[in-house]
Amino acid sequence: MAPSAPPRIRLAARCRALVDSPAFGAGVLALILCNAVLLGAETYSGFAAAHRELLAGAENLFLTLFGVELAVRAAACADRPKAFLRDPWNLFDLAVLLAAFLPVVRENTSVLRLLRLSRVLRTARFLPQLRVLLIAVGRAVPGTLSFLCVGALVVYVYAMVGWMCFADSDPVHFGSVGRACLTLFLLTTMDGFADAVRAGLELSRLTLLYYASYVLLASFVLVNVLIGVVLGSLEEAREQERQARLDLKQQGRPEPVGPTSAELRARLAEARRALDEVEAALARAPHPARPDRPCDKGAAVPAGGVPAELQAVAGPPA
Numbered sequence: 003m004a005p006s007a008p009p010r011i012r013l014a015a016r017c018r019a020l021v022d023s024p025a026f027g028a029g030v031l032a033l034i035l036c037n038a039v040l041l042g043a044e045t046y047s048g049f050a051a052a053h054r055e056l057l058a059g060a061e062n063l064f065l066t067l068f069g070v071e072l073a074v075r076a077a078a079c080a081d082r083p084k085a086f087l088r089d090p091w092n093l094f095d096l097a098v099l100l101a102a103f104l105p106v107v108r109e110n111t112s113v114l115r116l117l118r119l120s121r122v123l124r125t126a127r128f129l130p131q132l133r134v135l136l137i138a139v140g141r142a143v144p145g146t147l148s149f150l151c152v153g154a155l156v157v158y159v160y161a162m163v164g165w166m167c168f169a170d171s172d173p174v175h176f177g178s179v180g181r182a183c184l185t186l187f188l189l190t191t192m193d194g195f196a197d198a199v200r201a202g203l204e205l206s207r208l209t210l211l212y213y214a215s216y217v218l219l220a221s222f223v224l225v226n227v228l229i230g231v232v233l234g235s236l237e238e239a240r241e242q243e244r245q246a247r248l249d250l251k252q253q254g255r256p257e258p259v260g261p262t263s264a265e266l267r268a269r270l271a272e273a274r275r276a277l278d279e280v281e282a283a284l285a286r287a288p289h290p291a292r293p294d295r296p297c298d299k300g301a302a303v304p305a306g307g308v309p310a311e312l313q314a315v316a317g318p319p320a
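What follows is the structure, encoded as structure tokens:
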């Protein structure tokens, strides 16, 4: 960092070095975990009543420290303010911090505790694997919605078939479409499958085909499709994280700031003046005479063929 760089650039460089240091990340992670412990301690009514003032002071201390951390991160982007707002984690931290100061939120204890609990999610910023998992869950949402639509369709069709076949013999589980859907949903988790098959066999052996086909389709095929969607999203998230790290290594941090344009123009003007002085000195100095032509009139040429003026300028020969 050049000493002549603007103060904003120097501040951004120093804060960026602090934010990138392992000690800073470890300290913020320790604060988040301590805040989580504080939230757990408040669930014990006796302890919370006995140390109410201490817990309130600790909460204000955590808010102050989190505010300082966010200010340092914002200062690290002083040379490029838009970069701070492009980071979704910075926006999340800013929203969680500012929400604690809203009058409506501070008066609602449940909402305030929920917002304080959301600070625990900030650990994903400092744990790369957890961050990859959260990204994978987010990317799997569209595929999961498609899976839910297909699964709901399968459950509904089998529920209608079960209501038509077992409504009279087993009204507790298939008395209506709603009860049939609930029964089939539990069968998806293989809960009570043996009892359902045993009760169905008492009616007809064909019920085995009904239960076996449903379990095969819902519990194995559809669940494995969901697992495949999640695994695909996880691989995409890992590739995205790997590409982000590669881009960061290739781009690196911003280059150290060199001289400003005004300093460069001053240096160029100084170089031009020096060049003009050298050209003027060369123009004033007489040219040495050549052996194949006569010397200029009035020029004193010594035996060595060098004018006396140049000998005076250059000094005695070595």
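Note that this note's numbering numbers the sequence shown so that position 119 is 121, with each residue one more than the last.
Cβ atoms here follow ideal geometry from the backbone N, Cα and C, with glycine treated the same way.
- Annotation for residue 167: the continuous alpha helix (DSSP H) segment containing it runs 143-168.
- When the Cα atoms are used, residue 193 and residue 200 turn out to be separated by approximately 13 Å.
- In this structure the segment 100-107 does not touch the segment 39-46; the number of beta carbon pairs closer than 8 Å is below three.
- Residues 224 of the same chain have their beta carbon placed closer than 6 Å to that of residue 153, with the five preceding and five following residues left out of the count.
- Here residue 229 is exposed, its C-beta having fewer than 16 other C-beta atoms within 10 Å.
- A straight-line Cα-Cα distance of about 19 Å links residue 101 and residue 86.
- A contact between stretches requires three or more CB pairs, one per stretch, nearer than 8 Å, and the segment 15-28 meets this requirement with the segment 78-92.
- If you compare the alpha carbons of 95, 281, 235 with that of residue 120, the shortest gap goes to 95.
- Within the model, the alpha-carbon separation for residue 157 versus residue 239 is close to 31 Å.
- A straight-line Cα-Cα distance of about 14 Å links residue 126 and residue 29.
- Distance from the CA of residue 83 to the CA of residue 73, rounded to the nearest whole angstrom, comes to 12 Å.
- The C-alpha of residue 170 lies about 16 Å from the C-alpha of residue 208.
- CA-CA distance, residue 114 to residue 98, rounds to 10 Å.
- In the pairwise beta carbon analysis, the segment 201-221 is classified as not touching the segment 135-148: fewer than three pairs are separated by under 8 Å.
- Setting aside the 5 residues that flank it on each side, residue 277 has no residue in the same chain whose C-beta is closer than 8 Å to its C-beta.
- For residue 89, the closest of 66, 274, 246 by C-alpha to C-alpha distance is 246.
- As for any alpha helix (DSSP H) of minimum length 4 sitting wholly inside the segment 206-236, the runs are 208-216, ordered along the chain.
- Note on geometry: alpha-carbon atoms of residue 179 and residue 63 lie some 55 Å from one another.
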